[in-house]
Structure formats: structure tokens, C-alpha cells
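Since the structure comes first, as C-alpha cells, the remarks are kept for the end.
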Amino acid sequence: RFHHPDAVLPGFASGSGNLFLCFCPVFLLGLALLCFGQFLYMYNGLSCGPRDSLLVALGKRFPKVSVGTICNIIFATVLIASWLLGATVGIGTVISVFGNGKIMDWVFSLVSFEPRNVKHEDVITTLKVLATDKEPEKK
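If you count by the working numbering, then the sequence shown holds residues 12 to 150, one letter each, in order.
Structure, rendered in C-alpha cells:
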């Protein structure tokens with residue numbers, strides 16, 4: 012069931028409070044949870060989605076650049092392309108683009124994780140494991 016935003020954060024939807032001050036901490040917490048979830052599947056070598064594969068590949072290509080900065084560059088590139096195609100760019104979009112990388116760096120350092128060092132399982136290996144129910148050999 013849908014609850015009115017005022018029931019969760021008074022003043023959030025009605026405009027009686029400062030929308031930005033209510034919105035920002037919740038949004039940043041959401042980004043931190045997103046980055047922690049990203050750590051969980053990447054740490055276990057469960058492969059990466061297309062964005063994360065690009066992030067890891069660029070991270071390996073440019074080892075002196077933090078993965079958070081690389082994430083910011085990827086997101087900013089997509090933001091510019093989206094804007095050029097007519098997408099609306101709001102404050103949440105801008106915070107997401109430039110905050111996600113910094114929060115990713117913070118979360119990954121908090122859990123001592125370097126995604127460039129993880130050996131990710133490819134789809135062929137995953138299918139073999141699922142078909143035979145045997146763990147893959149470590150190389």
C-alpha cells in the first residue's frame with residue numbers, strides 16, 4: 012500500500028519543510044546502501060553487470076585512479092549523453108552522478124575492498140557449475 016511521503020518524512024511532499032534538507036540524507040543513505048550491495052556481489056566474484064565490468068576494466072587500465080572517480084566519469088558521460096538526447100536532469104541526478112563515486116570509494120575503503128583484485132567468474136564457468144553442481148577449479 013502506498014503511503015503519503017508526509018507520513019514518513021513530515022513536510023517532505025507538502026513543501027512545509029525544506030525539501031532538500033529532508034531529501035539529501037535519505038538519498039545519500041540510499042547511495043551508501045547501493046554501494047554496499049555492489050560490494051557484496053563483486054566481492055564474491057559473482058560477476059559484474061555491464062556498468063561494473065566497465066568500471067573494473069577501466070580501473071585496471073588506470074590503476075592510479077580510484078574506482079569512485081572512474082564511476083563518476085562513467086556516470087557523467089551517461090548523464091551528458093542523456094541530456095543531449097533530451098532527458099531531464101534534476102538535482103537527484105546530479106547528486107547521484109557525483110556523489111556515487113565518492114560514496115563508493117568510502118564504502119569500499121570501509122570494507123577494505125579493491126574491485127580490481129577480484130577474479131570474477133565468467134558465464135561459461137557459472138553454467139558449468141550449475142550443470143554439474145561442482146565448484147570450479149581455482150587457477
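Each residue gets a CB set at the ideal place from its N, CA and C atoms; glycine is no exception.
CB-CB length for residue i against residue j, believed under 8 Å
i	j	result
M115	G79	5 Å
G110	L39	7 Å
I81	L90	So it is not a contact: roughly 15 Å between Cβ atoms.
Residue i classed as buried or exposed, judged by whether at least 16 other C-beta atoms fall within 10 angstroms
i	result
L66	buried
S107	buried
G48	exposed
V118	buried
G97	exposed
P36	exposed
P74	exposed
8 Å CB neighbourhood of residue i in its chain, flanking five on each side removed
i	result
W94	V100
N83	V108, F109, N111, G112 and K113
R62	I85
Neighbourhood of residue i by C-beta, 7 Å cutoff - its chain only, sequence neighbours within 5 removed
i	result
F124	F50 and Y54
A43	I114 and V118
K71	R127
S77	D116
V122	F50
* **Touch test, the stretch 122–142 against the stretch 45–65, Cβ-Cβ under 8 Å, three pairs minimum** => yes
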